[in-house]
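Chemist: Start counting the sequence shown at 191; every next residue gets the next number (the working numbering). All C-beta atoms, glycine included, are put in the ideal place defined by N, C-alpha and C. Let me begin by handing over the structure; questions about it come next.
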Amino acid sequence: MTCYFVTGGSGFIGRRVVERLLARDDSSRVHVLVRPGTLPRFASLMEQVSGHDRIITVVGDITQDGLGLRGSELGPIDHVIHLAALHDVSADDAEQREVNVEGTRRVAEFAVDHGAMLHHLSSLAVAGDHDGDFTENDFDLGQGFPTGCHRTKFDAERVVRETAGLRWRIYRPGAVVGDSVTGATSKADGPYLFFGHLTQLGQLPSFLPLPMPDFGRLNLVPVDFAAEAIVALAESQPGRSGLVFHLADPDACTSIDLFNAISPAFDGPRGFPAVPSTLVRPALVLSGRSPFRSGRDLVAEQAGIPPAALDAAATPVIVRSTDTIAQLDALGIRLPQLDDYAPRLWRYWFEHLDPARHRRDDPRGPLVGKHILITGASSGIGRATARMCVRRGATVFLVARDADRLVETAAELEAEVPKPGLPLGRAYAYPADISDESAVQTLVKSVLSEHDHVDILVNNAGRSIRRATANAVDRSHDYHRTMAVNYFGAVYLTLALLPHMTARQSGHIVNVSSIEVLSRAPRFGAYAASKAALEAFSDATSAETLSDHVTFSNVRIPLTRTRMIVPTNAYDTVRGIWSVDKASTRVLHAMIERPQRVTTLLGDLIDFGHHAAPRLTNRLLHQDFLMHAESDAALGRGD
């Protein structure tokens with residue numbers, strides 16, 4: 191009976207290695223080192239694996255002395271397969287060294303203590319920036335390292351080679367991509383970082399030859415090939431130590447080859463080299479002393495590419511893997527052809543990992559399937575907007591303080607008739623007082639846990655006060671209450687949802703503002719100030735979140751006939767007041783088209799007057815103040 195001890199068994203490569211160890215030998219036992227926080231996920235992953243009853247879960251951590259085993263008795267161990275590592279080129283250097291180098295040192299000492307053969311998963315990154323051939327027999331050729339990650343891979347191999355009394359084998363895969371059959375992968379790094387940009391090029395006519403820069407050689411291997419190769423080579427040539435294997439494509443592709451391999455998946459054109467890699471690489475990989483490096487890094491970050499990934503790109507090394515491929519061929523393991531499996535990689539990425547996938551619209555309509563949270567949704571503009579969204583196939587989360595009215599609204603909306611050709615959406619009631627920060631946090635947690643995500647937030651809830659400042663000198667609480675809803679309530683919701691939206695790389699926030707932000711008419715000082723504050727907050731935040739694809743719209747609506755204006759009897763006979771449906775149509779426009787501002791001609795004219803003729807405009811507003819009396823409500827008379 192063969193006994194294995196595997197680190198990183200819950201990882202992308204690790205769980206496939208464990209599956210194959212169990213499948214190849216019915217009597218084998220596999221100890222898997224699992225960190226405490228990873229136990230539930232590992233257990234669920236292994237439940238469906240044949241032979242999972244022969245997996246012995248060992249709680250520990252390679253960053254702890256003695257692997258954190260605390261004297262656990264494991265019995266005899268024949269092979270230690272060390273797969274745990276940190277592969278993120280943009281990770282902190284100290285963290286990478288602790289995991290990749292010191293972690294490997296601890297695992298090597300563990301293997302020596304148990305008299306086991308160590309199978310160490312390294313990487314072709316050990317070749318660094320070596321210019322020329324790099325074979326399985328090569329190690330230290332004086333090469334430099336473009337990133338700290340490359341350096342730690344090299345240093346980890348050195349630890350394995352120099353540990354006294356250790357029997358070892360080393361496996362150096364290329365960039366490990368998804369499964370060659372299903373395309374499944376765990377995260378979009380390495381070559382996947384460029385898939386979105388390659389896909390955009392693919393929007394060109396497929397018959398059009400596409401000139402492209404050649405970024406150099408890429409060495410890609412699918413994860414199923416890497417796992418199968420590690421297990422097969424570990425069992426071959428029993429007892430032999432000091433072997434190194436290159437799990438790499440002997441015919442490394444170029445970036446243009448990769449594009450041509452995935453382009454059939456989206457009916458894209460074929461590329462041809464227009465700029466050779468000898469010219470591209472110096473412009474792409476800049477030293478820390480280059481005055482252009484900060485500009486390159488800024489552009490890369492906005493494109494969603496970690497700058498360190500550019501440092502790692504297009505190294506001049508030529509990897510030779512002829513010997514390993516020949517051994518694998520004798521074992522019946524063959525590397526799949528890139529042209530065959532690349533379209534599957536792209537399809538899986540497009541459906542599951544593309545950062546832009548949450549920003550795609552349903553072909554049936556821009557709001558179909560969208561999750562929209564609307565405050566002040568039990569009446570007025572909020573209720574009308576929710577109706578329009580539900581009729582267009584959206585799932586709407588209705589928020590207001592009046593629970594009974596909110597439930598009634600949700601029931602009415604679900605009885606609506608959908609727009610022709612569109613499915614009817616859903617409506618859910620979430621009673622909450624948005625001026626209470628803790629209530630807002632509870633609200634957002636509930637919505638996300640029950641419905642997964644929010645695509646659009648509509649800050650519609652508002653409090654209006656029409657009262658001259660001279661009549662409010664002893665009513666400072668009016669200003670506090672107005673700001674509590676119009677400004678702080680909207681800010682609380684934005685702050686609660688912002689991390690969620692940036693993580694999804696998708697989100698839009700619509701603020702139902704007012705023409706008063708532009709007109710600053712008399713008696714609306716408290717109201718106009720609260721809306722202006724919200725707009726300023728949103729404009730500043732939108733400049734910060736543009737690369738995260740979280741956008742803001744401020745909808746400056748004129749006077750609208752809602753319950754909010756009922757106490758002001760001066761409006762009873764005023765003509766030109768907007769209907770709720772007209773105002774809601776503007777909000778709907780902001781949700782779909784996502785302009786930064788939605789204004790009216792009247793608002794723009796008043797704003798122009800404030801800038802072009804401020805004294806005249808102020809005098810006209812003063813005449814308006816004198817012509818219209820204070821309402822009974824403002825003077826404290828009546829209800």
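Looking at the secondary structure, which residues open and close the alpha helix (DSSP H) in which PRO689 lies?
Modeler: 680 to 694
Chemist: Kindly indicate which three-state DSSP category ARG225 falls into: helix, strand or coil?
Modeler: Note: ARG225 maps to coil in three-state DSSP.
Chemist: Using a Cβ-Cβ cut-off of 6 Å (strictly less than) and excluding sequence neighbours within five positions of PRO804, which residues of its own chain qualify?
Modeler: Residues of the same chain with their beta carbon placed closer than 6 Å to that of PRO804 are lacking, with the five preceding and five following residues left out of the count.
Chemist: Compare the C-alpha of HIS906 against each of GLU288, PHE462, TRP358 and name the closest.
Modeler: The structure shown does not extend to residue 906, since the chain is modelled only from 191 to 829, so the question has no answer here.
Chemist: Per DSSP, VAL586 is paired with what?
Modeler: Note: VAL586 sits in a beta bridge opposite ILE562, ALA617.
Chemist: Which residue comes first and which comes last in the beta strand (DSSP E) that contains THR741?
Modeler: 740 to 747
Chemist: What separation, rounded to the nearest whole angstrom, lies between the Cα atoms of THR514 and ALA416?
Modeler: 12 Å
Chemist: For a quick check, are the C-beta atoms of GLY679 and VAL740 less than 7 Å apart?
Modeler: no
Chemist: Considering only residues of the stretch 484 to 555, which uninterrupted alpha helix (DSSP H) runs meet the minimum length of 4 residues and lie entirely inside it, listed in chain order?
Modeler: 497 to 502, 512 to 520, 528 to 538
Chemist: GLY368 to LEU264, Cα distance in whole Å?
Modeler: GLY368 and LEU264 have their C-alpha atoms roughly 33 Å apart.
Chemist: Suppose you measure from the CA of PHE405 to the CA of VAL465; what does that come to, to the nearest Å?
Modeler: 9 Å
Chemist: Quick check on the burial criterion: 16 or more other C-beta atoms within 10 angstroms. Buried or exposed for PHE232?
Modeler: With 16 or more Cβ atoms within 10 Å of its Cβ, PHE232 is classed as buried.
Chemist: Looking only at its chain, what residues have a beta carbon closer than 8 Å to the beta carbon of THR192, apart from the 5 residues adjacent to it on each side?
Modeler: ASP215, SER217, SER218, ARG219, ASP268, HIS269
Chemist: Rounded to a whole number of angstroms, what is the C-alpha to C-alpha distance between LEU223 and ALA301?
Modeler: 13 Å
Chemist: In the DSSP assignment, the alpha helix (DSSP H) including TYR717 goes from what residue to what residue?
Modeler: 715 to 734
Chemist: According to DSSP, is GLY766 helix, strand or coil?
Modeler: Bear in mind that a pLDDT of 48 at GLY766, under 50, signals an unreliable position, so the number given afterwards is only what the model happens to contain. The answer is coil: DSSP assigns GLY766 none of H, G, I, E or B.
Chemist: Which partner residues of PRO454 appear in the DSSP bridge assignment?
Modeler: The partner list for PRO454 (beta bridge, DSSP) is empty, contrary to what the question assumes.
Chemist: Could you give the distance in angstroms between the alpha-carbon of GLY555 and the alpha-carbon of ARG581?
Modeler: 11 Å
Chemist: Less than 7 Å between the beta carbons of THR565 and ALA651, yes or no?
Modeler: Here THR565 is near ALA651, since their CB atoms are less than 7 Å apart.
Chemist: On the DSSP bridge list, what partners appear for ARG570?
Modeler: It should be pointed out that residue 570 corresponds to Gly in this sequence rather than to Arg. GLY570 is not bridged to any residue.
Chemist: Kindly list the residues whose CB is nearer than 7 Å to the CB of ALA831, restricted to its own chain and excluding five residues on each side of it in sequence; keep chain order.
Modeler: As shown, the chain starts at 191 and ends at 829. That puts residue 831 outside it, with no answer to give.
Chemist: List the endpoints of the continuous beta strand (DSSP E) containing PHE195.
Modeler: Taken as a continuous stretch (DSSP letters only), the beta strand (DSSP E) holding PHE195 covers 193 to 197.
Chemist: In whole angstroms, what is the alpha-carbon distance linking ASP762 and ALA802?
Modeler: Only weak support is given to the placement of ASP762: the predicted model assigns it a pLDDT of 48, under 50, and the value that follows is read from those uncertain coordinates. In a straight line, the C-alpha of ASP762 is about 33 Å away from that of ALA802.
Chemist: Taking the alpha helix (DSSP H) that PHE385 falls in, what are its first and last residues?
Modeler: 385 to 391
Chemist: Take SER376 and list the residues in its own chain whose beta-carbon comes closer than 6 Å to its own, dropping the five residues that flank it on each side.
Modeler: For SER376, where only same-chain residues beyond five positions count, the Cβ hits under 6 Å are PHE202.
Chemist: Decide if LEU229 is buried, meaning its Cβ has at least 16 other Cβ atoms within 10 Å, or exposed.
Modeler: exposed
Chemist: Going along the chain, which residues of its own chain have a beta-carbon closer than 6 Å to the beta-carbon of SER511, five neighbours each way excluded?
Modeler: HIS436, ALA438, PRO440
Chemist: Looking at C-beta atoms only, is the number of pairs between the stretch 527 to 538 and the stretch 448 to 464 that lie closer than 8 Å three or more?
Modeler: Contact holds: three or more Cβ-Cβ distances are below 8 Å.
Chemist: Compare the Cα-Cα distances from ARG296 to each of PRO497, PHE335, GLU326, GLN254 and report the closest residue.
Modeler: GLN254
Chemist: Just to check my reading of the structure: ILE646 and MET781 have Cβ atoms closer than 8 Å, yes? What is that Cβ distance to the nearest angstrom?
Modeler: 6 Å
Chemist: Which of the three DSSP states, helix, strand or coil, is assigned to ALA750?
Modeler: Note that residue 750 is Thr in the sequence shown, not Ala. DSSP places THR750 in strand when its eight states are reduced to three.
Chemist: Decide if MET307 is buried, meaning its Cβ has at least 16 other Cβ atoms within 10 Å, or exposed.
Modeler: buried
Chemist: Within 6 Å: the Cβ of ALA780 and any heavy atom of the ligand ATP?
Modeler: For the ligand ATP, the structure offers nothing, since it holds no ligand at all.
Chemist: Determine whether the beta carbon atoms of THR750 and ALA716 lie at a separation below 7 Å.
Modeler: Annotated as distal: THR750 and ALA716, with beta-carbon spacing of 7 Å or more.
Chemist: Evaluate contact between the stretch 681 to 688 and the stretch 590 to 606, counting only Cβ atoms and requiring at least three cross-stretch pairs below 8 Å.
Modeler: no
Chemist: So what does DSSP say about VAL470, is it helix, strand or coil?
Modeler: It is helical.
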